[in-house]
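>
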Amino acid sequence: MAADGEGATKLITIRVTGGRTEAEARQVGLSVANSNLVKTAVFGNDPNWGRILCAVGYSGVDLDQDTVEVSLCGTPIYGKGKGIPFEDGALSEAMKAKEIDIDVDLKSGSACIEIFTCDLTYEYVRLNAEYTT
1 MAADGEGATK LITIRVTGGR TEAEARQVGL SVANSNLVKT AVFGNDPNWG RILCAVGYSG
61 VDLDQDTVEV SLCGTPIYGK GKGIPFEDGA LSEAMKAKEI DIDVDLKSGS ACIEIFTCDL
121 TYEYVRLNAE YTT
């Protein structure tokens, strides 16, 4: 269903592991999935780990940013409290795929969750701007 969102061009799979509880992992996953900044970064093929980490941070889950790890399209991009060097061009190219994986390891337990969402596109804005009730 997420892949068939209004104007969607990409399916985003968010996997959160290492949560203390499944509810905690879900809360982090939904925060990332519902972030317009994450969705637009995916649409624009922008490997911006700051947008993902920001969404993790404002999830409200108590976590240690120095232990959280984030990967995008299988490429580690954040860990040990800082960005991990990666080849921007290669990762941006990988993000042109129709299916994008975002993996977040909270490193605080064994609970995990998988959430699906889609990118936020110009077409989504156009469709909803033209819609009247």
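Under UniProt numbering, the first residue of the sequence shown carries the number 1, and numbering increases by one thereafter. The beta-carbon is built from N, C-alpha and C at its ideal position, and this holds for glycine as well.
Is the separation between the beta-carbon of V70 and that of V28 shorter than 8 angstroms?
As a working mapping, residue 70 is identified with position 70 in the sequence shown. As a working mapping, residue 28 is identified with position 28 in the sequence shown. In this structure, V28 does not lie closer than 8 angstroms to V70 by Cβ.
> Give, in chain order, every unbroken run of the alpha helix (DSSP H) that is at least 4 residues long and sits entirely within the region 103-133.
Annotation note: the region 103-133 contains the following uninterrupted alpha helix (DSSP H) runs of length 4 or greater, listed N- to C-terminal: 122-130.
> Kindly indicate the opening and closing residues of the beta strand (DSSP E) around E24.
Against the sequence shown, residue 24 aligns to sequence position 24. Judged by DSSP secondary structure, E24 falls outside any beta strand (DSSP E) and instead within the alpha helix (DSSP H) spanning E22 to A33.
> Under the three-state reduction of DSSP, which class applies to T75: helix, strand or coil?
Counting from 1 along the sequence shown, the entry for residue 75 is found at position 75. Note: T75 maps to strand in three-state DSSP.
> S35: which of G74, L120, R26 and S92 sits nearest, CA to CA?
Position 35 of the sequence shown, counting from 1, holds the residue named residue 35. Out of G74, L120, R26 and S92, L120 has the C-alpha closest to the C-alpha of S35.
> Would you kindly work out how many angstroms separate the C-alpha atoms of A41 and C54, rounded to a whole number?
As a first step, residue 41 is located in the sequence shown; it is residue number 41 there, counting from the start. As a first step, residue 54 is located in the sequence shown; it is residue number 54 there, counting from the start. In a straight line, the C-alpha of A41 is about 13 angstroms away from that of C54.
> For the putative contact between W49 and G83, defined by C-beta atoms under 8 angstroms, what is the C-beta separation to the nearest angstrom?
Counting from 1 along the sequence shown, the entry for residue 49 is found at position 49. Counting from 1 along the sequence shown, the entry for residue 83 is found at position 83. That pair is a contact at about 6 angstroms.
> Please state whether the Cβ-Cβ distance between R51 and E114 is less than 8 angstroms.
For the purposes of this step, residue 51 is identified with residue 51 of the sequence shown, where counting begins at 1. For the purposes of this step, residue 114 is identified with residue 114 of the sequence shown, where counting begins at 1. Not in contact: R51 and E114 (Cβ atoms no closer than 8 angstroms).
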